[in-house]
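The structure under discussion appears below in the form of structure tokens.
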Amino acid sequence: MTDQAQVKNITAIVETPKGAGVKYDYDPELGCMKLNKIMPAGLVFPFDFGYITATTGGDGDPLDVLIISEIQSLPGCAIDCRVIGGIKASQRERDGSARRNDRIIAVPVVSEQFAKINELKDVPQTLISQIETFFENYNQQAGKNFKPLKRLNANQAVKIIQQAADQQRKDTLVQLFIPMYDQKGNHFPQRYYQNLNKELKERFGGLTVYNRTPATGLWEQDAKTTVRDELLVYEILTSSVENEYWQPLKAKLEKQFAQTELLVLITKTDKL
Numbered sequence: 075m076t077d078q079a080q081v082k083n084i085t086a087i088v089e090t091p092k093g094a095g096v097k098y099d100y101d102p103e104l105g106c107m108k109l110n111k112i113m114p115a116g117l118v119f120p121f122d123f124g125y126i127t128a129t130t131g132g133d134g135d136p137l138d139v140l141i142i143s144e145i146q147s148l149p150g151c152a153i154d155c156r157v158i159g160g161i162k163a164s165q166r167e168r169d170g171s172a173r174r175n176d177r178i179i180a181v182p183v184v185s186e187q188f189a190k191i192n193e194l195k196d197v198p199q200t201l202i203s204q205i206e207t208f209f210e211n212y213n214q215q216a217g218k219n220f221k222p223l224k225r226l227n228a229n230q231a232v233k234i235i236q237q238a239a240d241q242q243r244k245d246t247l248v249q250l251f252i253p254m255y256d257q258k259g260n261h262f263p264q265r266y267y268q269n270l271n272k273e274l275k276e277r278f279g280g281l282t283v284y285n286r287t288p289a290t291g292l293w294e295q296d297a298k299t300t301v302r303d304e305l306l307v308y309e310i311l312t313s314s315v316e317n318e319y320w321q322p323l324k325a326k327l328e329k330q331f332a333q334t335e336l337l338v339l340i341t342k343t344d345k346l
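Every letter in the sequence shown is one number past the one before it in our numbering, and letter 171, counting from 1, is 245.
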């Protein structure tokens, strides 16, 4: 296991903010948060609730996380958090099937009120009991049964996160076609490519760049003129398409490389 401080830090995406009487879910096809349901009168989320990026939990969705803090954020907000523990739980669906549906509990790195909280035991246990009761009531009104099995310390919660990260299937190939030369035939600054390499590697854990055998693009400018382009091809394997990340990146690269449109291809893949 790597450095303890490092493995306890995760990025959480808030779906439903603290105090909300409605439930939001991230819709990957729309690339935004979507209203899921209205809560029964008097039932609101006690803290920000969302998911941990780059994980797949027992229900097939990203791992759930409850963010304990003095902060009330907004749907779609990304928060760097410190994992302090979790609730190991099973959930019985309306059709009678049962599955694991754990809740990771974390604290924002920037929190001042909870700055000294590093373990679940540091939180008043009455508060943890109230959180468990909330999830029991929340699932009960949806015809489901949520059953807490065990309270987890930080190390145990981190292991669940690591397992959920390992289970995530990377079956989506994203290809970016980046030009090597501007319209005058000058090579773009090397730092453009270095910065892009760094950003993609840090976010996705790795990438492939075809820079020794660049792709060649032929474009018909008019009836008599054919424009030749040399392109670097960047390939990333990921588990899903995050439009809220790729669309701004595409716009930034189009401006940086002075392109009317930058070609980005997304393909579902299968491994032999």
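Glycine residues also receive a C-beta, built at the ideal position from the N, C-alpha and C atoms. All values derive from a computational prediction rather than experimental measurement.
query	result
Could you have a look at V62 and say whether DSSP puts it in helix, strand or coil?	Only positions 75 to 346 of the chain appear in this structure, which leaves residue 62 out of reach.
Report the option in M107, E103 and L336 whose CA atom is closest to the CA atom of E89.	M107
Less than 7 Å between C-beta atoms, sequence neighbours within five positions excluded: which residues of the same chain meet that for G159?	I179, E193, L194, R225, L226, N227, A228 and A231
Can you give me the C-alpha to C-alpha distance between V96 and N271, rounded to a whole angstrom?	40 Å
Have a look at the DSSP bridge pairing and note the partners of L140.	F123 and I179
For I191, does the three-state DSSP call read helix, strand or coil?	coil
Let's see if you can read the secondary structure: which residues bound the beta strand (DSSP E) around S313?	Note, S313: premise wrong, no beta strand (DSSP E); not H, not E.
Report whether the distance from the Cβ of E273 to the nearest heavy atom of the ligand HEM is below 7 Å.	Ligands in the displayed structure: none, and consequently the ligand HEM is not present.
I'd like to know whether the C-beta of K162 is nearer than 8 Å to at least one C-beta of chain D.	The structure shown contains no chain D, having only a single protein chain.
On the DSSP letters alone, give me the boundaries of the beta strand (DSSP E) that T341 sits inside.	V338 to K342
To the nearest angstrom, how far is the alpha carbon of N317 from that of I205?	32 Å
Rounded to whole angstroms, what is the Cα-Cα separation between K218 and V307?	47 Å
Pull the bridge partners of M107 from the DSSP assignment, please.	Y100
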